[in-house]
Amino acid sequence: MAIKRLSATDGIWLSLESPDMPMHIGFLLEFTVPDGDAALFVRRWRAQVVAPMAVPPPWNLVPVGGPLTRLVALMRETAEVDPADHIRTWQLNRPGDRRELTDLAARIHREQLDMTRPPWEIHLIEGLAPDRFALILKVHHSLFDGATIMRLFTDTFSADPADRDTPHLFSVGRVNPDVPERIPGTSRIRALLATLRGLLDLLRGIGTAGRDAARRARGKTTAQQAYRQPASIFDGPITGRRDLSLRRYELDRFKRLARAADCTINDIVLYLVGTALRTYLTANAELPDRPLTAGVPVDLREGDDDRVGTRAGMMFTALATDIADPAERLAAVRASIREAKQEMAGMPPNTVIGYGLAVTLPWIMGLTWGRADTPASHPMGISNVPGPRNPLYWNGARLESLYPISLLMHGNPFNVTCLGYLDGLHFGVLGAADKLPPMEYLTDGLDAALDELTGLLLPEEYTLPSAG
Numbered sequence: 000m001a002i003k004r005l006s007a008t009d010g011i012w013l014s015l016e017s018p019d020m021p022m023h024i025g026f027l028l029e030f031t032v033p034d035g036d037a038a039l040f041v042r043r044w045r046a047q048v049v050a051p052m053a054v055p056p057p058w059n060l061v062p063v064g065g066p067l068t069r070l071v072a073l074m075r076e077t078a079e080v081d082p083a084d085h086i087r088t089w090q091l092n093r094p095g096d097r098r099e100l101t102d103l104a105a106r107i108h109r110e111q112l113d114m115t116r117p118p119w120e121i122h123l124i125e126g127l128a129p130d131r132f133a134l135i136l137k138v139h140h141s142l143f144d145g146a147t148i149m150r151l152f153t154d155t156f157s158a159d160p161a162d163r164d165t166p167h168l169f170s171v172g173r174v175n176p177d178v179p180e181r182i183p184g185t186s187r188i189r190a191l192l193a194t195l196r197g198l199l200d201l202l203r204g205i206g207t208a209g210r211d212a213a214r215r216a217r218g219k220t221t222a223q224q225a226y227r228q229p230a231s232i233f234d235g236p237i238t239g240r241r242d243l244s245l246r247r248y249e250l251d252r253f254k255r256l257a258r259a260a261d262c263t264i265n266d267i268v269l270y271l272v273g274t275a276l277r278t279y280l281t282a283n284a285e286l287p288d289r290p291l292t293a294g295v296p297v298d299l300r301e302g303d304d305d306r307v308g309t310r311a312g313m314m315f316t317a318l319a320t321d322i323a324d325p326a327e328r329l330a331a332v333r334a335s336i337r338e339a340k341q342e343m344a345g346m347p348p349n350t351v352i353g354y355g356l357a358v359t360l361p362w363i364m365g366l367t368w369g370r371a372d373t374p375a376s377h378p379m380g381i382s383n384v385p386g387p388r389n390p391l392y393w394n395g396a397r398l399e400s401l402y403p404i405s406l407l408m409h410g411n412p413f414n415v416t417c418l419g420y421l422d423g424l425h426f427g428v429l430g431a432a433d434k435l436p437p438m439e440y441l442t443d444g445l446d447a448a449l450d451e452l453t454g455l456l457l458p459e460e461y462t463l464p465s466a467g
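Start counting the sequence shown at 0; every next residue gets the next number (numbering that gives the first Met the number 0).
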């Protein structure tokens with residue numbers, strides 16, 4: 000039985016796992032089948048996966064329990080996986096009801112994965128339409144991040160609508176991160192030097208985070224807006240209840256807005272969330288007089304890096320929620336994220352990882368010790384994940400839409416993740432249902448913010464509908 004040691008980041012995801020904070024991420028995929036019979040498509044596929052089978056890492060990895068795992072995160076390989084333990088089928092009560100689909104996705108997402116077996120699940124949902132079904136993939140964040148999930152989809156699904164030999168998602172493995180035990184002497188030396196360089200880079204990131212913490216303690220500003228958020232309804236503990244709202248927008252519209260504003264699509268996303276938050280908090284709670292902040296993940300995978308687990312850092316930026324004028328708000332959002340990017344630009348990947356780990360450490364340690372009220376480094380996460388631009392097919396079924404669903408934590412009860420697929424930008428907005436007003440209010444605010452920004456930057460297009 001092989002034992003795998005996880006990275007520090009992935010160890011954090013395991014250490015925080017609890018009913019209130021399940022540390023998995025999810026994806027809602029919608030398919031249209033070629034012959035018009037979605038129920039038959041699902042039954043045929045389920046008939047292929049009924050017996051226990053050997054699967055590659057990370058699909059066969061099981062968390063190792065015990066006191067040692069408080070210090071070192073470990074997983075063990077299991078010889079076989081029983082699909083019956085990981086695959087579920089659902090039927091909508093009201094055919095074609097999008098609200099019921101979204102509510103079901105939220106209920107599925109709030110339930111913890113079984114950590115006594117490989118922590119992943121596939122949920123098949125029938126009843127969207129006679130020729131349409133949905134699939135929800137849940138995976139523990141210690142096994143995958145957004146970038147490797149996107150690569151998994153492109154590696155698994157086909158670009159050919161006539162292809163009928165699509166492999167199962169859980170049969171496509173990721174690269175083993177472990178260094179081989181037997182390597183030539185010169186290669187061993189190079190590997191050791193690379194490890195030492197990586198460790199030094201990590202320590203540099205920790206040192207930079209310590210410098211910024213000292214500056215914050217002296218009342219000085221830093222590029223990274225961690226621990227600078229005002230008091231708001233986002234503070235404090237949550238339960239496991241989740242509320243989900245979904246939106247799809249035309250990607251080309253975001254591109255035109257970004258060109259008109261001389262910024263990136265990610266800047267537009269941050270502006271829209273900040274603007275929607277102004278409306279959401281003004282109508283349903285209280286709008287702080289200082290700007291709310293957000294954690295923005297940074298994908299650090301290079302080239303064909305396909306390792307198991309998470310390979311990402313974190314930037315911390317202000318959302319200008321205190322600025323009433325849309326043009327000034329956009330300028331402030333753009334300036335804040337650019338300053339954060341400029342500070343990160345010269346850092347090696349391991350330094351970026353070390354910085355994020357060190358900044359969030361006080362919060363993470365408090366949560367690990369059971370202090371759910373520990374102040375968070377940032378009250379929300381906002382992420383933009385690139386996805387495939389060409390259509391993908393599963394045994395002929397066309398993937399029509401792809402919505403991300405992230406995770407929540409105490410002090411971090413709100414998340415917006417968007418994902419590009421084909422010509423659309425798909426938003427998954429997740430909130431703590433016991434703590435926050437409905438997320439549909441927030442996505443209504445996104446619709447209005449997008450229309451407002453279009454009227455400001457592209458006045459000839461301001462009448463275009465926002466959401467798909």
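Cβ coordinates follow ideal geometry from the N, Cα and C atoms, glycine included. Note that this is a predicted model, so its numbers are computed, not measured.
At a Cβ-Cβ threshold of 7 Å, I2 and S405 do not count as neighbours. A residue is called buried once 16 or more other Cβ atoms fall within 10 Å of its Cβ, and V32 is buried on that count.
Note: F30 is bridge-paired with F132 and L398 in the DSSP secondary-structure output. Contact annotation: the region 121-130 does not touch the region 9-23, with fewer than three C-beta pairs closer than 8 Å.
In this structure, the CA atom of Y226 is about 10 Å from the CA atom of A216. According to the DSSP assignment, F253 belongs to no beta strand (DSSP E) but to the alpha helix (DSSP H) extending over L250 to A260.
A direct Cα-Cα distance of roughly 45 Å separates H377 from Q47. In the three-state reduction of the DSSP assignment, S170 falls in the helix class, which pools H, G and I. Nearest neighbour of V272 by Cα position, chosen from D261, L27 and P290, turns out to be P290. In the DSSP assignment, Y279 falls within the alpha helix (DSSP H) that extends over I264 to N283.
For D242 against A432, the beta-carbon gap comes to about 4 Å, under 8 Å, which counts as contact. DSSP places D298 inside the beta strand (DSSP E), whose first and last residues are T292 to D298.
L13 carries a helical assignment under DSSP once its states are collapsed to helix, strand and coil.
Taking the Cα positions, G410 is about 17 Å away from S14.
Using a Cβ-Cβ distance cut-off of 8 Å, the region 333-342 and the region 311-321 are in contact, since at least three pairs of beta carbons, one from each stretch, lie closer than that value.
The three-state secondary structure of F40, taken from DSSP, is helix. Short of 6 Å from the beta carbon of A222, and not among the five residues preceding or following it, lie these beta carbons of its own chain, in chain order: E338, A339 and E342. Between the C-alpha atoms of E16 and M22 there is a straight-line separation of about 5 Å.
Look at the beta carbons and you see the region 148-160 touching the region 384-395: at least three pairs across the two are nearer than 8 Å. Residue ranges of uninterrupted beta strand (DSSP E) with 3 or more members, entirely inside the region 336-421 and ordered along the chain, are 379-384, 396-404 and 413-420.
Sequence-distant partners of Y279 (beyond 5 residues in either direction) whose C-beta falls short of 6 Å from its own C-beta, in its chain, are Y440, L441 and G444. DSSP, reduced to helix, strand and coil, places V428 within a strand of the structure shown.
The Cβ neighbour count for A104, taken over all protein chains shown within 10 Å, is at least 16; the residue is labelled buried. Within the same chain, and ignoring the five residues on either side of A133 in sequence, the residues whose Cβ sits closer than 7 Å to its Cβ are L27, L28, E29, L100, I124 and L127. In this structure L391 is buried. Its beta-carbon is surrounded by 16 or more other beta-carbon atoms within 10 angstroms. Contact annotation: R98 and A37 have beta-carbon atoms that are not nearer than 7 Å. A straight line joining the alpha-carbon of L457 with that of R252 spans about 10 Å. Between the alpha carbons of H425 and T416 lies a distance of about 8 Å. Assignment of beta-bridge partners to E120 by DSSP yields K137. Counting along the chain, no beta strand (DSSP E) covers T77, and no H or E run does either.
Counting only the Cα atoms, V332 lies some 18 Å from D450. The closest CA to that of A282, considering only D164, V138, D372 and M438, is found on M438. Shown here, T238 sits in coil according to DSSP, grouped into three states, outside any helix or strand.
Inter-segment contact for the region 291-305 and the region 253-263 is absent: fewer than three beta-carbon pairs are separated by less than 8 Å. Note on geometry: alpha-carbon atoms of L366 and T373 lie some 7 Å from one another.
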